[in-house]
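Structure record follows, encoded as structure tokens.
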Amino acid sequence: MKNRKRGRVPPSFLRWERAMLFSFLNFIDTLNEWTGKFVSLWMIPMIVVMSFEVFMRYGMASPTIWGTELVTYLFASYILLGGGYTLLHGAHVNINIFYNRMEVRRRALFDLLTAFIFFVYPWVLFHEGLKFALDGWSRNRHSGTDWNPPLYPVLMAVPHYSFSGF
Numbered sequence: 016m017k018n019r020k021r022g023r024v025p026p027s028f029l030r031w032e033r034a035m036l037f038s039f040l041n042f043i044d045t046l047n048e049w050t051g052k053f054v055s056l057w058m059i060p061m062i063v064v065m066s067f068e069v070f071m072r073y074g075m076a077s078p079t080i081w082g083t084e085l086v087t088y089l090f091a092s093y094i095l096l097g098g099g100y101t102l103l104h105g106a107h108v109n110i111n112i113f114y115n116r117m118e119v120r121r122r123a124l125f126d127l128l129t130a131f132i133f134f135v136y137p138w139v140l141f142h143e144g145l146k147f148a149l150d151g152w153s154r155n156r157h158s159g160t161d162w163n164p165p166l167y168p169v170l171m172a173v174p175h176y177s178f179s180g181f
């Protein structure tokens with residue numbers, strides 16, 4: 016203990032902390048990968064339902080009460096749940112005109128600053144979205160339309176999206 020300098024953290028603690036952090040990040044990456052692959056398959060039923068809706072509306076002059084609303088909910092969930100997958104694969108849009116002209120250190124600093132700024136958004140979205148989703152679940156909220164489907168499955172996509180955005 017005499018050799019130890021004041022204020023220094025023992026290396027064993029840093030290794031443990033780093034291992035926990037990397038295992039958590041690995042879990043998030045795996046969750047985003049599998050969620051993105053699963054949600055990407057939702058495009059097929061959306062196309063089928065929307066094609067059926069268009070056929071019924073314009074071909075038979077008898078639209079369904081559920082088609083457009085189902086596609087809206089599927090697409091909202093598709094966008095929210097696919098955001099983490101998009102972030103994982105670096106497919107979000109950025110301003111390449113400025114970003115590509117920066118040197119590597121400046122890009123890293125820019126990424127760090129923007130990540131810090133936008134960490135607040137997912138945290139608030141997770142906290143408030145979870146409250147809203149649990150409230151919708153406990154009160155058994157429905158859309159209020161003619162079809163009147165429950166809203167809580169779609170509302171649960173909001174905290175999942177914000178969690179995967181971390």
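Under the working numbering, the first residue of the sequence shown is numbered 16, with each subsequent residue one higher. Here a beta-carbon is modelled for each residue, glycine too, at the ideal position from N, C-alpha and C. What you are looking at is a predicted structure, and each value in this text was computed from that prediction instead of being measured.
From the options, residue whose alpha carbon lies closest to that of residue i
i	options	result
Gly-98	Phe-39, Asp-44 and Ala-76	Asp-44
Thr-87	Phe-53, His-175, Thr-160 and Asp-126	Thr-160
Arg-154	Val-69, Tyr-167, Asn-163 and Trp-49	Tyr-167
Leu-56	Phe-42, Leu-102 and Phe-90	Phe-90
Pro-165	Trp-152, Ala-172 and Glu-143	Trp-152
Asn-41	Leu-103, Leu-145 and Ala-123	Leu-103
DSSP beta-bridge partners of residue i
i	result
His-157	Pro-165
Three-way DSSP call (helix, strand, coil) for residue i in this model
i	result
Phe-70	helix
Gly-105	coil
Ile-110	coil
Ile-193	The first residue shown for the chain is 16 and the last is 181, placing residue 193 beyond what the model contains.
Arg-33	helix
Met-171	coil
Arg-116	coil
Trp-57	coil
Phe-134	coil
Met-65	helix
Test: residue i CB closer than 7 Å to a CB of chain C
i	result
Tyr-88	Among the protein chains of the structure shown there is no chain C, as only one such chain exists.
Burial state of residue i, where buried means 16 or more other Cβ atoms lie within 10 Å
i	result
Asn-47	buried
Met-35	exposed
Pro-174	buried
Thr-50	buried
Val-108	exposed
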